[in-house]
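Below, the structure is given as structure tokens:
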């Protein structure tokens with residue numbers, strides 16, 4: 050059974066592993082720890098039987114937030130884990146007074162674009178050559194009302 054909860058320091062090695070599996074330029078353990086030390090950051094993990102299988106994080110300032118990363122282990126993709134992580138995170142920040150959330154997504158990541166669109170995010174622009182390894186444009190997406 051999957052549970053969704055706020056991250057704990059003990060989750061950092063699992064998050065680093067998911068980062069390494071999911072991204073060509075992953076965050077380091079130190080980067081994750083630095084993120085967690087920020088007063089304006091939130092990270093939600095999905096856990097099954099004590100194993101972290103996915104996570105999502107963001108920073109917020111006043112009434113706006115920026116999603117940093119969303120990643121799910123391969124065996125847990127396309128079964129609603131990413132969507133549930135996003136919904137939990139959006140509920141959490143709504144309670145903090147956040148009214149809008151932005152994110153960037155690789156233009157080739159159709160699954161993520163479809164998920165974000167399903168959750169009410171709109172494409173509003175492009176960041177040229179935003180990603181490395183490989184170099185790729187990012188689609189900027191916003192959800193203006195939570």
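Numbering (the numbering used here), first residue to last: 50 to 195.
The beta-carbon is built from N, C-alpha and C at its ideal position, and this holds for glycine as well.
How far does the alpha helix (DSSP H) with residue i in it reach, from first residue to last?
{"i": "residue 67", "result": "61-71"}
{"i": "residue 165", "result": "159-167"}
{"i": "residue 80", "result": "78-86"}
{"i": "residue 134", "result": "130-144"}
Given that a residue counts as buried once 16 or more other Cβ atoms are within 10 Å of its Cβ, and exposed if not, what is residue i?
{"i": "residue 94", "result": "buried"}
{"i": "residue 170", "result": "buried"}
{"i": "residue 128", "result": "exposed"}
{"i": "residue 159", "result": "exposed"}
{"i": "residue 55", "result": "exposed"}
{"i": "residue 50", "result": "exposed"}
{"i": "residue 61", "result": "buried"}
Tell me where the beta strand (DSSP E) around residue i begins and ends.
{"i": "residue 105", "result": "100-110"}
{"i": "residue 119", "result": "113-121"}
{"i": "residue 127", "result": "Careful: residue 127 lies outside any beta strand (DSSP E) and carries neither H nor E."}
{"i": "residue 177", "result": "171-180"}
Looking at C-alpha atoms only, which residue of the options is the closest neighbour of residue i?
{"i": "residue 192", "options": "90, 180, 172 and 186", "result": "172"}
{"i": "residue 110", "options": "89, 66 and 177", "result": "89"}
{"i": "residue 106", "options": "163, 156, 141 and 162", "result": "141"}
{"i": "residue 156", "options": "87, 97, 166 and 188", "result": "188"}
For chain C, find out if any of its Cβ atoms is closer than 8 Å to the Cβ of residue i; answer yes or no.
{"i": "residue 53", "result": "Considering every chain present, this structure includes no chain C. It has just one protein chain."}
In the DSSP assignment, what residue or residues form a beta bridge with residue i?
{"i": "residue 192", "result": "150"}
{"i": "residue 94", "result": "54 and 104"}
Touch test, the region 123-137 against the region 82-89, Cβ-Cβ under 8 Å, three pairs minimum: no
Inter-stretch contact (C-beta, 8 Å, three-pair minimum) for the region 142-161 and the region 67-78: Flag = no, the region 142-161 and the region 67-78 do not touch.
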